[in-house]
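Step one of this worksheet: look at the structure below.
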Amino acid sequence: MNYPMRGQTIKGFTLIEFLVASILAMIVIVAAGSTYFMTRKLSDEAQKRLTIQQNLRNATTQIMRDARMAGSFGCYNTSSTIKDKNAPITNTGLKLVAPEGNDTEGGVLKLEAVDNAMGVRWGKVGKQDALIFIYGLGETPVTQTQGLTAAANNDLQQLTLGVSNDNEKATDPLRQALANRGNIVVSSCRTAIALNMGNAINNDDTLNFNTHLQAQPFTLADAGELAVSQLYAAAYVHNPATKQLMRVDIGSNGRWQSPQLVAEGINSMSVSYAYADNCPIDSLSTDKGVVAETFTFTKTLATTAKKNALPAMVQVYLNYDVDTEATVDPATNQAKKLTADYIINATVRGGNVCGNRTPVPS
Numbered sequence: 420m421n422y423p424m425r426g427q428t429i430k431g432f433t434l435i436e437f438l439v440a441s442i443l444a445m446i447v448i449v450a451a452g453s454t455y456f457m458t459r460k461l462s463d464e465a466q467k468r469l470t471i472q473q474n475l476r477n478a479t480t481q482i483m484r485d486a487r488m489a490g491s492f493g494c495y496n497t498s499s500t501i502k503d504k505n506a507p508i509t510n511t512g513l514k515l516v517a518p519e520g521n522d523t524e525g526g527v528l529k530l531e532a533v534d535n536a537m538g539v540r541w542g543k544v545g546k547q548d549a550l551i552f553i554y555g556l557g558e559t560p561v562t563q564t565q566g567l568t569a570a571a572n573n574d575l576q577q578l579t580l581g582v583s584n585d586n587e588k589a590t591d592p593l594r595q596a597l598a599n600r601g602n603i604v605v606s607s608c609r610t611a612i613a614l615n616m617g618n619a620i621n622n623d624d625t626l627n628f629n630t631h632l633q634a635q636p637f638t639l640a641d642a643g644e645l646a647v648s649q650l651y652a653a654a655y656v657h658n659p660a661t662k663q664l665m666r667v668d669i670g671s672n673g674r675w676q677s678p679q680l681v682a683e684g685i686n687s688m689s690v691s692y693a694y695a696d697n698c699p700i701d702s703l704s705t706d707k708g709v710v711a712e713t714f715t716f717t718k719t720l721a722t723t724a725k726k727n728a729l730p731a732m733v734q735v736y737l738n739y740d741v742d743t744e745a746t747v748d749p750a751t752n753q754a755k756k757l758t759a760d761y762i763i764n765a766t767v768r769g770g771n772v773c774g775n776r777t778p779v780p781s
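Residues 420 to 781 (our numbering) are what the sequence shown spells out, left to right.
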């Protein structure tokens with residue numbers, strides 16, 4: 420039996436309850452939105468910092484690779500000292516690499532005020548210096564020669580090339596340089612000479628020298644050491660206007676190519692050089708311990724015959740922006756970016772003259 424309900428009425432939300440619920444909902448939405456945007460901003464900042472670090476690591480990799488090879492042409496390097504041969508430095512091609520620079524021989528070069536030098540469109544870099552590493556690329560052994568005799572100052576006329584490390588001729592640096600009439604280096608373990616092939620008639624395996632390599636110190640004793648490689652160079656220049664570190668290299672045609680961006684947010688770049696000195700007679704332990712060589716750091720490249728202008732280490736100092744956006748300094752109430760220094764220690768394989776010696780028998 421059903422009895423009607425009396426004394427009760429059906430009620431909904433009051434206006435006050437609805438307003439309270441709406442306010443709470445808005446608070447939750449605003450909090451969630453603020454959290455999202457804050458997280459997104461932190462993620463973007465972290466990504467930007469990660470990009471900066473990746474650019475610096477990329478710059479480190481490239482500079483260390485170029486520095487390690489600097490001054491090396493086959494088994495020859497510009498700081499070689501071979502007993503009874505004295506490893507003369509003949510011509511490692513700096514005039515072909517940087518005609519505006521000096522004629523100091525070596526694998527590391529500082530070219531001052533490159534503004535519009537080297538035939539490269541740097542942009543508005545101003546009077547900035549270029550750090551240049553010079554070395555041979557695509558080393559290929561020589562299997563036959565014409566014109567070599569036991570006497571010095573031979574008239575070398577022809578070279579026959581062997582198989583290069585890169586079996587694909589389309590990607591072989593030396594073959595590409597020959598095809599585009601670029602610059603090459605002929606070297607033995609004691610000397611090297613750079614040449615522009617010009618209109619010489621060559622193929623993939625034979626080099627014919629129109630003017631011959633006259634008055635060069637190649638003899639029959641060098642025949643088993645001869646190698647040919649592309650004269651290669653890479654230059655690093657800082658553009659203060661755009662805060663960019665740029666790299667440009669020499670192509671197979673012997674000309675400087677277009678600059679490539681290495682890192683952004685770079686405020687300044689400075690370079691110093693370390694030279695190995697006081698080489699110990701041997702590395703045996705004495706009553707005073709192991710005698711080690713010492714290193715002298717300088718802001719300028721050495722040009723003395725003793726050091727041959729090839730340092731053992733190149734230090735590149737980069738000052739970069741840690742944050743991409745400026746923050747207000749409470750002390751000065753001025754907006755500025757947080758910066759930091761990044762140091763690249765790049766060793767030069769042929770520059771440590773203490774480590775490149777032949778052991779002296781006891």
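Don't be surprised by glycine CBs; every beta carbon is placed ideally from N, CA and C.
Because the structure is a prediction, the values reported are computed rather than measured.
Neighbour-count burial assignment, residue i, 16 or more Cβ in a 10 Å radius
i, result
"K726", "Bear in mind that the predicted position of K726 carries a pLDDT of just 47, short of 50, making it unreliable; the figure below should be weighed with that in mind. Buried, since its Cβ has 16 or more Cβ neighbours within 10 Å."
"Y455", "exposed"
"Q481", "buried"
"S687", "exposed"
"I471", "buried"
"P778", "Reliability of the predicted coordinates at P778 is poor, the pLDDT of 44 falling under 50, and no value is obtained from them."
"M457", "exposed"
"L469", "exposed"
"A634", "Summary for A634: the model assigns pLDDT 45, below 50, so the residue's position carries little reliability, and this model does not support an answer."
"L614", "buried"
"R768", "buried"
"R459", "exposed"
"V741", "exposed"
"G452", "exposed"
"R666", "buried"
"G643", "exposed"
"T497", "buried"
"N474", "buried"
"E558", "buried"
"S606", "buried"
"Q676", "exposed"
Secondary structure of residue i, DSSP reduced to three states
i, result
"S441", "helix"
"L737", "strand"
"S462", "helix"
"L680", "strand"
"R666", "strand"
"T509", "For T509, the predicted model reports a pLDDT of 49, less than 50, meaning its position is unreliable and no value from the coordinates is stated."
"A489", "coil"
"K755", "strand"
"D760", "strand"
"A642", "helix"
"A721", "coil"
"A549", "strand"
"A711", "coil"
"T433", "coil"
"T661", "coil"
"F637", "coil"
Per DSSP, the bridge partner or partners of residue i
i, result
"L578", "T564, L626"
"T693", "Looking at the sequence provided, one finds Ala at residue 693 rather than Thr. In DSSP, A693 forms a bridge with F716, M732."
"G555", "L650"
"N474", "None; N474 has no bridge partner."
"N496", "S491"
"M688", "L737"
Beta-carbon separation (whole angstroms), residue i vs residue j, contact threshold 8 Å
i, j, result
"A652", "D668", "7 Å"
"I685", "T479", "Not quite, the Cβ-Cβ distance comes to about 13 Å (not below 8 Å), so this is no contact."
"G601", "S491", "Their Cβ separation, rounded to whole angstroms, is 18 Å, which puts G601 and S491 out of contact at 8 Å."
"L650", "V604", "5 Å"
"G526", "F552", "7 Å"
"V733", "Y692", "6 Å"
"Y554", "M616", "Not really, about 18 Å apart at Cβ, beyond 8 Å."
"T564", "L575", "7 Å"
Unbroken alpha helix (DSSP H) run spanning residue i, endpoints
i, result
"R768", "Per DSSP, R768 belongs to no alpha helix (DSSP H) and is neither H nor E."
"A596", "592-598"
Range of the contiguous beta strand (DSSP E) that encloses residue i
i, result
"A652", "646-658"
"S606", "602-606"
"R674", "Careful: R674 lies outside any beta strand (DSSP E) and carries neither H nor E."
"K529", "527-530"
"L614", "611-615"
Contact test: residue i Cβ vs the ligand ADP heavy atom, cutoff 7 Å
i, result
"E436", "You won't find the ligand ADP in this model; it holds no ligand whatsoever."
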